[in-house]
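These notes concern the structure reproduced below.
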Amino acid sequence: MSAFAFALRSLVRQPARALLGIAGVAAVGALLFDMLLLSNGLVISMERMLSTTGYDLRAAIGTAPPGRGPLIEHAGAIATRLRTLPEVARVTPLRLSDGLVVHTARPFAVRVMGAEPGSVGAWTVLEGRDVRASGEVLVNQHVLELLDARVGGPLELRTSAPGVRTVTPPFRVQIVGVADFPFESERGSTVGLSLEDVDRVSGGGGAQSADQLLIATAQGTTPAAAKAAVERAVPTLTAMTNAQVLVRLQEGGLSYFRQISFVLTTVTIGFAFLLVTVLLTVSVNQRTGEIAALRALGFSRRRAIADVFAEAVLIVGSGAVLALPVGLALSRLLDWILKGIPGIPASLHFFVFQPRALLIHGLLFAFTAVAAALYPMRLVATLPIAATLRREVVS
Amino acid sequence: MRRARLWVMASAVTLAVSGGGVDAAEPAPGVLISRQLAEAKALSPGSQIRLAPGGDGQSAQTFRVLGIYEPTPDPMEISESKFKVRLHLPDMARLVSGPADLMAAETVDQVNLVLRDPRQASTIATQLMTGTPGIVARQARAAVSGAGTFVVIERFHLAIAIVTIIASALFLLALSVMLVDERRDTVGVLRLIGLTTRRVLAQIFLESLVVAVGGAVFGIGLAAASQFAINRYFQWHYNTALVFVRVTPGVVAVCLAIAIPLGVVASAAASWSLLRKQLMTLARR
Amino acid sequence: MSVIEARDLTRVFPMPAGPVTAVRGVSLAVDPGDFVALCGPSGCGKSTLLHLLGVVDTPSSGTLTVDGEDVATLGDVARSRIRLRKIGFVFQRFFLLPMLTAAENIELPMAEAGVSKSERAHRVHELLEYVELSKRADHRPSQLSGGEMQRIAIARALANRPRLLLADEPTGELDQTTGQHIAELLDRVNADGTALVIVTHDAVFARRARRILTMRDGVLVSEERVR
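The listed protein sequences derive, respectively, from chains Z, P and W.
The working numbering applies: residue 82 is where the first sequence begins, and numbers increase by one.
The working numbering applies: residue 840 is where the second sequence begins, and numbers increase by one.
The working numbering applies: residue 71 is where the third sequence begins, and numbers increase by one.
The following block contains the structure:
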């Protein structure tokens, strides 16, 4: 009878204990799997979102997040200049602001996005047409629902951005279409205007100012080369590649999730280790007589150790496998909870499945099985046969 | 209009720290700087810095560091720059707006109000918004966009805590089943000499209560001891005075309320199967 | 050649209160087909001597040969192999594995010795008939009586056709009638050619042996030839 068949019989012999042990490992395993999905999930999801816009560089003054840094004045002219660079394929100036739709009974806040008419990637028109001139606005489906309006209807906007004089009168525009905006949150409200109109809403005189320039690299050029070219051409600009943006996010806003993922991964592994070690140790202690008898009958020390190890592998292995579907279901729930954070884009996910996570999950549990079996294996290895048999008779 | 946001030129080139070069007859206006900025740029009271309203460094003005302050810890700004400067309102208005802007001195981002009766906040906000065109008045709590974030994070922690408790319960139950099984002989003997099931159960209950209380107290002690290390690590990591972990009486109460009944129930559930067995089945082994 | 030959065996146990000598300078030989009963008061060293003879314990001094092979210098694997193939063990408390059936318990040492599956099945069948428990093949130990468990334990000990069977108080946990049946079974085992060394307190059972060795304070004090 192989060590695994033997271990399986041992587990079946005590079904309640075995099932509880496996369920315990599965519960901590599910959490561990989720933490592995979380550790890189947000970065992978963000990377996918960034790449779907079709731009691989973001240029701004300084390195503040979009909408938080100083404005790029004369963004239109700068964009035109950058378009002449051989490393650059496309440039879209973008401006973000906070606004308030005021012509309804209950004013509501909106995210105001400004781009040059006809810009690729700034938004996707779903209904109606794109903004072509001043006084036109695109809204997302949610704004349309809130307004209970139709394409062609009016909309009055006022800024709610800090630092803007609120004596500015509301800005009246006409809804020309419904659009899908990138990085839109689940029930977020966004409107799209021309760059000049965003400036007017913000109390300005209609300047072409932008927060950032989205830049697509020309074919055959690397984002790093385009970044260097952009910064050479306009020294006040700091360009960041998508990879740099991700690194920054990892070090900044996303670091909390990496930290909690690391802490919980460590805790869950420790917990699984303790659980399996205790289960096996008690199991071995309860069977010392049997083990000593088997050794007396000619079972080698190696075989006796293999039996304990096989038991550890069966408990941890079954728990780890069971942890995968449980973990996937749990990750959906946790993702849904975290997506309740205000302003989180609808297409962003905190828990993203990656084969790498599955591999690490397997490796960590393999390590846990070995580590957890070490002490009970040592107990078996050093079990004195004669003394144990004597003690069993006396007890 | 320029944004009323100050940009401290953080590079060594643009953040001019000097001991001279300023007209002694007209001393530079004073500012307070954050501890993090002072540490990073080796500034101290008396140092002079140049601040510009825009990223291009244009229209920079010289200021004198009067003191260093610890920024109010804000979880929403945990991963953001802690380089901050506090100016007198007129100095700031002069810096961000050109001299031609006559209204500059009267312009602020927001006005914070302390109400005599905070319960009236919502009503007063509505009155202000309807009575003064252009004013956006929000209740302070509602205005903090991060509040929602922390509610969600708290929910996330709660979900994780529930999974952890389920795993702990399974662990405890498995352990109890093993320990009770190990004491099968003792239970058999106790019942053979005439102790009732209730009496044996009471003994097991009492023992598990002692173990559960001991375990819970040990866990709370461990959490209390480790909170210092955790706080120190994260305060160092994020360079902030924010407190990350705090073992409050409420937390202790919740821990005890969960751990003790859990321990006792796990032990009782495991014992129950043993006590239901026939007496001779227990004694014969 | 003797199946087993011990010369001047001594076993000392280190204890907190000072070393205790459980077996002192014991020499004995067990020939093929021999039947030896080890008797003596509790704590005289009978079981310790049995463990030494069974290559389960290691002597503090003296030599022990099994089939002419000195076992003192052997490692764990070689000692395990000797126990597996040449020596059978029967315990007072049976030590059957509760998760295996009677047949599987008997099969276990053969599986460990690498015996083919068909041969194992044949041998299990043979041994169950030998101990008269063919109908109990699929029963687990918890479904067997004490006497039945000991019969299965004897069948397990005989699985690899050992030349020597060691039994430590094989009737110690059984009533008189059942104990007698076990004694008769062991008699049959010996009659079929397997050498037997038993430790027993039962004087009637001991009289079934060819030689009765009496121990006191770790020393062999007498040898009586019964048959």
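Where is the CB? At the ideal position from N, CA and C, for every residue including glycine.
Straight-line gap, residue i to residue j (C-alpha atoms, nearest Å)
{"i": "Ala181(W)", "j": "Glu371(Z)", "result": "17 Å"}
{"i": "Ala964(P)", "j": "Pro250(Z)", "result": "20 Å"}
{"i": "Leu79(W)", "j": "Ala265(W)", "result": "20 Å"}
{"i": "Ala320(Z)", "j": "Glu154(Z)", "result": "16 Å"}
{"i": "Thr969(P)", "j": "Thr911(P)", "result": "33 Å"}
{"i": "Ala248(W)", "j": "Thr349(Z)", "result": "Before going further, note that residue 248(W) is Thr rather than Ala in the sequence given. Computed Cα separation, rounded: 54 Å."}
{"i": "Ala227(W)", "j": "Gly145(W)", "result": "22 Å"}
{"i": "Arg277(W)", "j": "Val289(W)", "result": "21 Å"}
{"i": "Val259(Z)", "j": "Asn221(Z)", "result": "5 Å"}
{"i": "Thr346(Z)", "j": "Ile907(P)", "result": "39 Å"}
{"i": "Val254(Z)", "j": "Glu993(P)", "result": "40 Å"}
{"i": "Lys187(W)", "j": "Pro179(W)", "result": "12 Å"}
{"i": "Ala855(P)", "j": "Gly869(P)", "result": "Per-residue confidence for Ala855(P) stands at a pLDDT of 36, beneath the threshold of 50, marking its modelled position as unreliable; the derived number appears in the next sentence. Approximately 15 Å between the Cα atoms of the pair."}
Any chain P beta carbon closer than 9 Å to residue i
{"i": "Pro426(Z)", "result": "no"}
{"i": "Ala111(Z)", "result": "yes"}
{"i": "Phe352(Z)", "result": "yes"}
{"i": "Asn121(Z)", "result": "no"}
{"i": "Asn323(Z)", "result": "no"}
{"i": "Gln289(Z)", "result": "no"}
{"i": "Gln293(Z)", "result": "no"}
Contact with chain W by residue i, beta-carbon distance below 9 Å
{"i": "Leu460(Z)", "result": "no"}
{"i": "Leu470(Z)", "result": "yes"}
{"i": "Glu473(Z)", "result": "yes"}
{"i": "Ser399(Z)", "result": "no"}
{"i": "Ser91(Z)", "result": "yes"}
Proximal chain Z residues relative to residue i, where beta-carbon distance stays under 9 Å
{"i": "Pro168(W)", "result": "Arg94 and Glu371"}
{"i": "Arg994(P)", "result": "Ile418, Leu419 and Gly421"}
{"i": "Arg151(W)", "result": "Gly379 and Ser381"}
{"i": "Leu934(P)", "result": "Under the 9 Å cutoff, chain Z gives no residues; its nearest Cβ is about 13 Å from Leu934(P)."}
{"i": "Ser130(W)", "result": "Here the premise fails: no neighbours, minimum Cβ distance about 13 Å."}
Burial state of residue i, where buried means 16 or more other Cβ atoms lie within 10 Å
{"i": "Val950(P)", "result": "exposed"}
{"i": "Ser1065(P)", "result": "exposed"}
{"i": "Arg1067(P)", "result": "Looking at the sequence shown, residue 1067(P) is not Arg but Phe. Exposed, since its Cβ has fewer than 16 Cβ neighbours within 10 Å."}
{"i": "Trp204(Z)", "result": "buried"}
{"i": "Gln246(W)", "result": "exposed"}
{"i": "Ile256(Z)", "result": "buried"}
{"i": "Gly860(P)", "result": "Caution applies to Gly860(P), whose pLDDT of 42 falls short of 50 and renders its modelled position unreliable; the value that the coordinates give is listed next. Flag for Gly860(P) reads exposed."}
{"i": "Leu444(Z)", "result": "exposed"}
{"i": "Ile1001(P)", "result": "exposed"}
{"i": "Lys116(W)", "result": "buried"}
Interface residues of chain Z facing residue i [CB-CB closer than 7 Å]
{"i": "Asp146(W)", "result": "Ser381 and Arg382"}
{"i": "Leu1012(P)", "result": "Leu101"}
{"i": "Ala87(W)", "result": "By Cβ distance, chain Z contributes nothing, its closest Cβ being about 17 Å from Ala87(W), past 7 Å."}
{"i": "Pro179(W)", "result": "Leu378 and Gly379"}
{"i": "Val991(P)", "result": "Ile418, Leu419, Gly421 and Ile422"}
Close beta carbons around residue i, own chain, < 7 Å, minus the five adjacent residues each side
{"i": "Val1103(P)", "result": "Phe1044, Ser1047, Leu1048 and Ala1051"}
{"i": "Val389(Z)", "result": "Leu361, Val365, Ala454, Pro457, Met458 and Val461"}
{"i": "Arg77(W)", "result": "Ser97, Gly132 and Thr133"}
{"i": "Glu243(W)", "result": "Gln162, Arg163 and Gly216"}
{"i": "Pro151(Z)", "result": "Ile142 and Gly143"}
{"i": "Glu217(Z)", "result": "Val254, Gln255 and Val257"}
{"i": "Met127(Z)", "result": "Leu327, Leu330 and Leu429"}
{"i": "Asp862(P)", "result": "Residue placement at Asp862(P) is poorly supported in this model, since its pLDDT is 48, which falls under 50; the coordinates are not used for a value here."}
8 Å Cβ cut-off: residues of chain W touching residue i
{"i": "Ala374(Z)", "result": "Phe159, Phe161 and Phe165"}
{"i": "Ala84(Z)", "result": "The contacting residues do not exist; Ala84(Z) stays about 11 Å from chain W at best."}
{"i": "Leu100(Z)", "result": "Those within 8 Å of Leu100(Z) in chain W number zero; the least Cβ separation is about 15 Å."}
Cut-off 8 Å between Cβ atoms - residues of its own chain near residue i, not counting five sequence neighbours on either side
{"i": "Ala314(Z)", "result": "Arg162, Leu163 and Leu166"}
{"i": "Arg280(W)", "result": "Asp104, Phe105, Val106, Arg295, Val296 and Arg297"}
{"i": "Ser266(Z)", "result": "Pro423, Gly424, Ile425, Pro426 and Ala427"}
Proximal chain Z residues relative to residue i, where beta-carbon distance stays under 8 Å
{"i": "Val126(W)", "result": "Arg376, Ala377, Ile466, Ala467 and Leu470"}
Under 9 Å from the C-beta of residue i: neighbouring residues of chain P
{"i": "Leu238(Z)", "result": "Per Cβ cutoff of 9 Å: no residues; Leu238(Z) is ~12 Å from chain P at best."}
Test: residue i CB closer than 9 Å to a CB of chain Z
{"i": "His121(W)", "result": "yes"}
{"i": "Pro240(W)", "result": "no"}
{"i": "Glu218(W)", "result": "no"}
{"i": "Ile1005(P)", "result": "yes"}
Neighbourhood of residue i by C-beta, 6 Å cutoff - its chain only, sequence neighbours within 5 removed
{"i": "Glu177(W)", "result": "Arg190 and Val194"}
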